[in-house]
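Student: Below is a structure I'd like to ask you about.
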Amino acid sequence: MQGIANMWQVIETNFSYICVYAFPFSLVLVALIYLITQKNRRNHNYIYLALVLFLLWLCPFFAVSMMNFSWEGEAYYKALFLIPGVGVTAYALVCLYHRITGKKKWAFWIMVFLLTQLATGFTYTTKFWDLELTDGKVDAEVVEIADEIKQRQIDAYMLAPKEIGSRLREYDLSAKIYNEGSFGYDGDDMEKTIALAAKKECNLIVVRKKDADDECLAYLEKKDFRYMTETDHYLLYIYL
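The numbering of the sequence shown is the numbering used here, which starts it at 5 and goes up by one.
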């Protein structure tokens, strides 16, 4: 029962995030159902092609990273949808257009493809080609931060850098981390970041040591964040 409760908490906490993932897949599902119901062998061939592309992309990293809601998983997913998903969805709409008008204009397919990509996938690929891989040190630091929070039994709502936030989600799916498109913040404008943590009522904030100059530490104090612990590359502050 506790496992079910934890699972429901994860779903409830990340409902909007899950919906973002579900929407494009729903489009593809509707498109596939439509194509399958049409008695056209060519349609079925397109479906098989899309499934082959999907399976090729599935290995080796997609399943694990998606299930963990990691930032890398998000980027891979976004690129994944662009490969078979947009094409199949656009083709289904072209078939529907042909059924209504009696004309199958491939210029219409191109237009639908571009519009669908813009609506659901264009911005998705911006980070796919420049993923920043962190060194192995971060994983140990993630465990250290997560264990410190668990040990103190804090009901945490955390703002953390992206490279920490996504991996904290991998380590503990029940972790509550501020999420606006991805888990964590980017950039080095710490005054803006700390103000965001206060505005969103986060009670924990992780700061990169390289960003923690005197001005940053003073602003943390001003916003009532106090030093909690540190790792090799990060400082953890708690709101009092």
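All residues carry an ideal CB built from backbone N, CA and C; glycine is no exception.
Where are the beta strand (DSSP E) runs, 3 residues long or more, that stay fully inside the stretch 161-232, in chain order?
Tutor: Entirely contained in the stretch 161-232, the beta strand (DSSP E) runs reaching 3 residues are, in chain order, 208-212.
Student: For the beta strand (DSSP E) holding Ile-242, just list the boundary residues, first then last.
Tutor: For Ile-242, the uninterrupted beta strand (DSSP E) segment begins and ends at 238-243.
Student: Quick check: the stretch 158-176 against the stretch 204-218, are there 3 or more CB pairs under 8 Å?
Tutor: yes
Student: For Asp-139, count the other beta carbons within 10 Å of its own beta carbon; 16 or more makes it buried, fewer makes it exposed. Which is it?
Tutor: Bear in mind that the predicted position of Asp-139 carries a pLDDT of just 40, short of 50, making it too unreliable to give a figure here.
Student: Assign Leu-244 to one of two classes, buried (16 or more other C-beta atoms within 10 Å of its C-beta) or exposed (fewer than that).
Tutor: Label assigned to Leu-244: exposed.
Student: Please go through the same chain and pick out, in chain order, the residues whose beta-carbon is closer than 6 Å to the beta-carbon of Asp-192, but skip the five residues on each side of it.
Tutor: Asp-215
Student: State the DSSP-derived secondary structure class of Ala-67, mapped to helix, strand or coil.
Tutor: A caution first: Ala-67 carries a pLDDT of 48, below 50, which makes its placement in the model unreliable, though a value can still be read off. Looking at Ala-67 - three-state DSSP - the assignment turns out to be helix.
Student: Nearest to Leu-97 by CA position, among Val-34, Leu-239, Lys-196, is which residue?
Tutor: Val-34
Student: Might you give, ordered along the chain, the residues of its own chain that have their beta carbon closer than 7 Å to the beta carbon of Asp-228, omitting 5 neighbours on each side?
Tutor: Tyr-243, Leu-244
Student: Can you check which of these residues, Gly-91, Arg-103, Ile-104, is closest to Ala-115 by C-alpha distance?
Tutor: First, the amino acid is wrong: residue 115 is Met here, not Ala. Closest option to Met-115, Cα to Cα, is Gly-91.
Student: Buried or exposed for Glu-235, going by 16 or more other Cβ atoms inside 10 Å?
Tutor: Reading off the sequence shown, one finds Thr at residue 235, where the question assumed Glu. Buried, by the Cβ-count rule.
Student: Where Tyr-223 and Ile-158 are concerned, what is the direct C-alpha to C-alpha distance, given to the nearest angstrom?
Tutor: 23 Å
Student: What is the C-beta distance between Val-146 and Leu-172, in whole angstroms, given that I count them as a contact (C-beta under 8 Å)?
Tutor: 6 Å
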